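Down below is the structure, laid out as structure tokens.
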Amino acid sequence: MNKKNLILIIVIMSFMLLLSCGSKEEGSKKESEKNQSKSTFEIKVAENLVKNYMNYLMNENYDDAVKTYVAELRDKTKMIISKDLKIKGYNIIDVNEVGKSGVFKIRVTRTDIERPFSVLDEYTIKVIKDISDYKISDINCTSEKEAFVEEYGIRLKNKNNVETKLIIDKSSIPEYAFAQDDSAKINRIKVPKKSFGRINFSYTGEKLGITTYEKDSFIGVVTIDESLVVQGGVSGGSSNESGGNKNKGTQMVVREKPIGKKIISLDLLKDSVIDFISFSLDEKFVMVQYNKAGSGKCIRVYNTENGNIIPVVFENEYPVKYVDVLFSSFDNDILNFKVVKRKGIEENLKNIVGKWQLDLKQFKIKKL
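First residue of the sequence shown: 15, per my numbering; consecutive thereafter.
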């Protein structure tokens with residue numbers, strides 16, 4: 015073997031050795047990154063799990079909800095499902111990363127679909143990384159507020175307090191209101207006050223969506239100020255007549271002052287029943303799901319500050335003779351909804367049926 019061939023062999027062997035070392039280093043680096051990924055806790059992934067979990071509960075998909083639990087929590091959980099009290103909104107108000115776990119505080123609004131009742135809960139949910147999967151390991155819940163109808167008005171109960179406060183009574187609801195369908199605001203229509211309908215809290219508990227109904231439905235938003243004095247002035251007067259005497263006495267009744275500071279009239283829907291109400295995360299908007307006689311289910315969205323309906327009118331966007339427009343959930347500046355074909359409808363509506371989103375800033379809708 016001459017000197018030139020020997021040098022060539024040495025160069026080739028050195029090159030192969032370098033390639034081998036580089037490959038080992040690359041493999042070691044990938045293995046290290048893989049191990050680091052397993053040990054690193056990503057709070058955004060945990061937050062997405064919590065959102066999925068809450069959406070499962072809103073859609074009453076309890077089988078998938080339970081799958082988000084660690085085995086120990088899953089084994090201890092017995093699903094006792096309420097037939098009437100349903101989750102109709104949630105808002106994650108606080109996120110904390112604690113070591114290799116995430117703790118989330120969530121305001122949850124529930125509404126009774128059979129009677130005027132709403133409860134505002136605060137959940138604390140802990141998420142851990144179980145090997146490579148994110149799972150819910152602990153759930154706690156406290157009741158913040160309850161709203162319910164008693165006698166002539168809607169009352170508020172705070173946490174564990176025995177005392178309740180009047181939010182609003184029927185006398186504080188406007189006698190007449192404009193329907194949003196009356197764009198020129200020509201005719202004021204008498205507000206139905208026979209019964210209170212669906213009610214629901216905002217996530218701060220500072221607003222309450224209310225409805226009243228008879229044949230038509232009135233919708234409004236009450237702003238709550240608990241600092242207002244509970245007892246108010248004097249109201250009413252009643253006549254007493256005893257025996258054959260014509261003397262009349264007046265009995266003065268002390269009227270409880272409501273803690274409802276103001277009421278914004280949103281709409282008056284003809285021949286409609288309100289199914290439920292839900293506030294946007296920033297509480298600037300409120301969504302109303304309703305069922306109209308002779309048509310079907312649809313939604314409307316209003317500005318909670320001025321009571322105006324938003325530019326997107328869903329009845330005009332979709333063929334409501336054939337489909338139902340159903341609320342799904344709120345995200346940041348987004349309303350999620352779905353369009354479903356009603357039973358017995360044979361028309362081809364594949365371009366319409368499905369999941370949709372409404373941008374609450376641009377007021378544009380898009381199909382997902």
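Each residue gets a CB set at the ideal place from its N, CA and C atoms; glycine is no exception. None of these values were measured; they are calculated from a predicted model.
C-alpha gap between K271 and R314, whole angstroms: In the sequence shown, residue 271 corresponds to position 257, counting from 1. In the sequence shown, residue 314 corresponds to position 300, counting from 1. Going from the Cα of K271 to the Cα of R314 covers about 32 Å.
Cutting at 6 Å between CB atoms, please list the residues of its own chain near V337, excluding the five before and the five after it. As a first step, residue 337 is located in the sequence shown; it is residue number 323 there, counting from the start. If we look at V337 and ignore the five residues flanking it on each side, its Cβ neighbours are V353, K355.
By the 10 Å Cβ neighbour count, where 16 or more other Cβ atoms means buried, how is T54 classified, buried or exposed? Position 40 of the sequence shown holds residue 54. With fewer than 16 Cβ atoms within 10 Å of its Cβ, T54 is classed as exposed.
Bridge partners of G223, per DSSP? Numbered from its first residue, the sequence shown carries residue 223 at position 209. Paired residues: N214, V235.
For L180, count neighbouring C-beta atoms within 10 Å of its own C-beta (all shown protein chains included) and say buried if the count is 16 or more, exposed if not. The residue given as residue 180 occupies position 166 in the sequence shown. The residue in question, L180, is buried, as its Cβ has 16 or more Cβ neighbours within 10 Å.
Within 10 Å of its beta-carbon, does R124 have 16 or more other beta-carbons around it, so buried, or fewer, so exposed? For the purposes of this step, residue 124 is identified with residue 110 of the sequence shown, where counting begins at 1. So R124 ends up on the buried side.
In the structure shown, what three-state DSSP assignment does K352 receive? For this step, residue 352 is matched to residue 338 along the sequence shown. The answer is strand: DSSP assigns K352 an E or B state.
Cut-off 6 Å between Cβ atoms - residues of its own chain near L242, not counting five sequence neighbours on either side: Position 228 of the sequence shown holds residue 242. Around L242: I273.
Residue nearest to K173 in terms of C-alpha spacing, selected from K92, G167, A161: For the purposes of this step, residue 173 is identified with residue 159 of the sequence shown, where counting begins at 1. Nearest option by C-alpha distance: A161.
Within this structure, are the beta carbons of E111 and L134 separated by less than 8 Å? Working through the sequence shown from its first residue, we reach residue 111 at position 97. Working through the sequence shown from its first residue, we reach residue 134 at position 120. Going by C-beta atoms, E111 is not nearer than 8 Å to L134.
Separation of S309 from N350, as counted between CA atoms: Stepping through the sequence shown from its first residue, residue 350 is reached at position 336. Stepping through the sequence shown from its first residue, residue 309 is reached at position 295. Going from the Cα of N350 to the Cα of S309 covers about 22 Å.
Measuring CB to CB, does Y104 end up less than 8 Å from I127? Sequence index remark: in the sequence shown, residue 104 carries index 90 (1-based). Sequence index remark: in the sequence shown, residue 127 carries index 113 (1-based). Cβ distance not < 8 Å, so Y104 and I127 don't count as in contact.
Residue from N69, R269, E164, L340 with nearest C-alpha to K366: Position 352 of the sequence shown holds residue 366. Checking the sequence, you will find Ile at residue 366 rather than Lys. Of N69, R269, E164, L340, the residue nearest in Cα terms is L340.
Tell me, which residues are paired with D126 by DSSP? Looking up residue 126 in the sequence shown gives position 112. For D126, which the question treats as bridged, DSSP gives the partners L99.
Out of curiosity, what's the CA-to-CA distance linking L374 and S197? Stepping through the sequence shown from its first residue, residue 374 is reached at position 360. Stepping through the sequence shown from its first residue, residue 197 is reached at position 183. Computed Cα separation, rounded: 21 Å.
Length of the line joining the Cα atoms of S186 and P325: One-based indexing of the sequence shown puts residue 186 at position 172. One-based indexing of the sequence shown puts residue 325 at position 311. Going by the C-alpha atoms only, they are around 29 Å apart.
Between M301, D195, A191, which has its C-alpha nearest K102's C-alpha? What you label residue 102 is simply residue 88 of the sequence shown in a count that begins at 1. When only C-alpha atoms are compared, the closest one is M301.
Three-way DSSP call (helix, strand, coil) for F162 in this model: The count along the sequence shown starts at 1 and reaches residue 162 at position 148. Correct three-state label for F162: strand.
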